[in-house]
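In our numbering, the protein residues as written are 154 to 1101.
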């Protein structure tokens, strides 16, 4: 049994954002590395916080104090100690009598900033040339930049897998600047409790709030707290051992942390650890425990600064009464922000529209889900359904808003069992049985339409990239002005030079037609050549669709209906959406600008006309598309020829192609990376990064000089022990990751790889973690720095083999279209849905039907029912190991336990699928009740109870 948490996130749009640029326009939030050659709006950054024992996560703002100028000037740092009041040992400002940050008056701080005291920090420290964004410790995402607008639209979606102990998720809206630092507009923070209170997900507008550096804390501190007997009274002993993952506050990407311990009016401090976010102190302090004294012990972490005020790193407040009862506690305490300041009225920073859903699932062992999976497989396998009563019922009881999610879950479940084609074929039959008019076929948001849409994204995405990728790249690179609507033509946008006469409107229209015809012709030619490249399971599914529609509409006047049925999915629901939004289909890293977007829109319209087989209805909508008609008519002939060849695949050819595909190891991820190389020894040592093309498969991480060059294996997959991020100060870059692996002699080695952006870094980390999650010997800790000279740069330990100072995050991943299938999780998700609609299912009853001719005799009990699957199906049902979506060729053979459960010679027994389903749901519900509760460890519970 395993507990899994995931966040489904959609960053929709922003509105009423404050202007930050000279042109009085704000820029919109960003999920990859900003392009410094341009100027434009901000973007949204996603962060997550982990609970106590699992390291907290907040956005890594290196040089936080110098980059959050707006927040610092609007709300001066009242939660920091003031450094003018005295100096004690080591050149550090100390104030033994200083009050808690929350108790310092705002007037005092205001006087420092506004009446001749300390100036805002940005006045002393120029902002570095690097951008504001640095990768978060655990996971981060960055939207594309939307330029020159106060109401940006992103519409980007993410699926993030996190440990169940994550704390919160925060969204930061930034204004991207080309020459200076990015401006922080504001943030929205949603706690885990808030998300848990919305089972169907949080959806709506949320006001942006100011970003206060004293609230942007992260990390944990290791404390040992004891109540020990004294000569006159008991004493409180606090041992400050170490800390990890502290926020980097200085311009060098690190901090100079020390700890202040306060109790009952007394304050004691640790020594300073220079340039480290993973300090170790091992210092102990004692306080007398007096009756009626303060009930809390406050442990504060600070970043020491020589000239300016010290920066707040977080605090831990311990309930002394609870500690007295426990006598002794030791553990990692999550650092908390200072939230004592009053906030300005919400709404003045604008709003952000979000859709965030938290899903906590307890996944049982595979054997618990086998009856449910077998029952559903029996429903879709040809010759065994009667016909598909359960699938029809599931569609009937599923609401419109969750139909896409249910369709995707069912599709993945049947993909894992090798029955995706049969499942979709059943849905095609159900859809055709209730369709009387050919022109309404597959036009609704039915389960068939949603399932087929998900199927193409899951099984055909690599094929789409191969066909459409070069055309999209060409459109982006050319940036030609294209317009066919005479009412929208603007000659000034053509970019004419003063040395040449401006083009006329007719010339612009003619040139636009030529450009679009060239793009459309290239796309149709690429499609025509791609028959063999199309995955066999996709071709076989289209063959079934084509055949079923032709059987339903056999007349000569409907001869185009089978072709339109195929293109309604291939063109209208797959290719055209990818043309309109290439970033959402991973075809481009950034959204298109206005000119390119218009070209893509016109190209998508042309593809839609071709997909509609150039019907009069499609031509009548926009008369100004008429100049494209010769190319469209030619494209219709090409597309019909392509579909004819596409569906001409025999069962034997399908199996051969699937079998050949199973022998390959398709790339999980590939692309250019920079590998770190070290030359020389001793004081003459030098290092550099070399660009190579890397490819990650289910067998190894390989590299080559170019994509077409011969690959050399760098690391065998089975040898990988961890894949983690490297802290920014190590290589002066926030986009470096480390892959820790064992060499042939069993010694730990580390490869350092640099990515070009935050998103690329997290995608590579996620891919590496997913393919090696079942490796033996995975590390539980690692060093986020590098071993330079004679010590680690992160924790300053001198033993190179010393245990890591930070925890690994093997389970933190991003959901991708080519992720391995997780059979147990998909079964759990469909069980959860069926349990939710159980009340709607019960009123439906099926008459028990007699076994169909040729069916085996099976008992009514599902636990001993493998259905009447054919021998071929037995090779597909029961696959229990994760397999690549692109590598599914018929699944694994049925397990010996499942084979032994077959009882083909028992007397006939009527089967009521609904009754069996309800029985299975009851059994699974009881299994969940009897499973061990997924409560946090007792040690963590005690630590959480101590904190106030």
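By construction, the Cβ of each residue, glycine as well, lies at the ideal position given by its N, Cα and C atoms.
Which of the three DSSP states, helix, strand or coil, is assigned to residue i?
| i | result |
| --- | --- |
| residue 171 | coil |
| residue 904 | strand |
| residue 311 | strand |
| residue 327 | strand |
| residue 945 | strand |
| residue 692 | helix |
| residue 782 | helix |
| residue 158 | strand |
| residue 389 | strand |
| residue 333 | coil |
| residue 1011 | Note that residue 1011 scores 33 on pLDDT, short of 50, meaning its location in the model is unreliable; the coordinates nonetheless yield the value given after this. Coil, per DSSP. |
| residue 853 | strand |
| residue 223 | The pLDDT assigned to residue 223 is 34, lower than 50, so where the model puts this residue is not dependable, and the model offers no usable value. |
| residue 825 | strand |
| residue 633 | coil |
| residue 486 | strand |
| residue 515 | strand |
| residue 890 | strand |
| residue 594 | coil |
Using alpha carbons as the reference points, say which of the options lies closest to residue i.
| i | options | result |
| --- | --- | --- |
| residue 420 | 750, 403, 581 and 454 | 454 |
| residue 967 | 712, 714, 469 and 914 | 914 |
| residue 529 | 554, 919, 920 and 570 | 570 |
| residue 970 | 475, 608, 371 and 416 | 608 |
| residue 889 | 683, 301 and 829 | 829 |
| residue 677 | 963, 625, 920 and 788 | 788 |
| residue 874 | 327, 867, 932 and 776 | 932 |
| residue 644 | 632, 657 and 332 | 657 |
| residue 168 | 158, 159 and 299 | 299 |
| residue 766 | 663, 1085 and 724 | 724 |
| residue 620 | 563, 684 and 882 | 684 |
| residue 680 | 563, 798 and 491 | 798 |
| residue 452 | 781, 559 and 418 | 418 |
| residue 623 | 1085, 741 and 878 | 741 |
Assign residue i to one of two classes, buried (16 or more other C-beta atoms within 10 Å of its C-beta) or exposed (fewer than that).
| i | result |
| --- | --- |
| residue 151 | The structure shown does not extend to residue 151, since the chain is modelled only from 154 through 1101, so no value can be given for it. |
| residue 504 | buried |
| residue 435 | exposed |
| residue 367 | buried |
| residue 398 | buried |
| residue 459 | exposed |
| residue 155 | exposed |
| residue 936 | buried |
| residue 150 | Residue 150 cannot be examined here, being either before or after the span of the chain that is shown, 154 to 1101. |
| residue 371 | buried |
| residue 485 | buried |
| residue 109 | Any answer about residue 109 is impossible in this case: the structure gives the chain only from 154 up to 1101. |
| residue 477 | exposed |
| residue 796 | buried |
| residue 926 | exposed |
| residue 513 | exposed |
Would residue i pass as a contact of residue j if the rule is Cβ separation under 8 angstroms?
| i | j | result |
| --- | --- | --- |
| residue 694 | residue 577 | yes |
| residue 851 | residue 821 | yes |
| residue 616 | residue 688 | yes |
| residue 466 | residue 407 | no |
| residue 297 | residue 627 | no |
| residue 342 | residue 323 | yes |
| residue 357 | residue 506 | yes |
| residue 543 | residue 988 | no |
| residue 572 | residue 604 | no |
| residue 438 | residue 391 | yes |
| residue 525 | residue 978 | no |
Sufficient close CB pairs (3 or more, under 8 angstroms) joining the stretch 308-317 to the stretch 157-170: yes
Three CB pairs or more closer than 8 angstroms across the stretch 670-681 and the stretch 750-763: yes
Touch test, the stretch 572-587 against the stretch 701-709, Cβ-Cβ under 8 angstroms, three pairs minimum: yes
Three-pair Cβ contact test at 8 angstroms for the stretch 368-384 versus the stretch 462-482: yes
At least 3 beta-carbon pairs within less than 8 angstroms: the stretch 944-958 vs the stretch 425-435: yes
Given 8 angstroms, three or more beta-carbon pairs between the stretch 974-986 and the stretch 907-922: no
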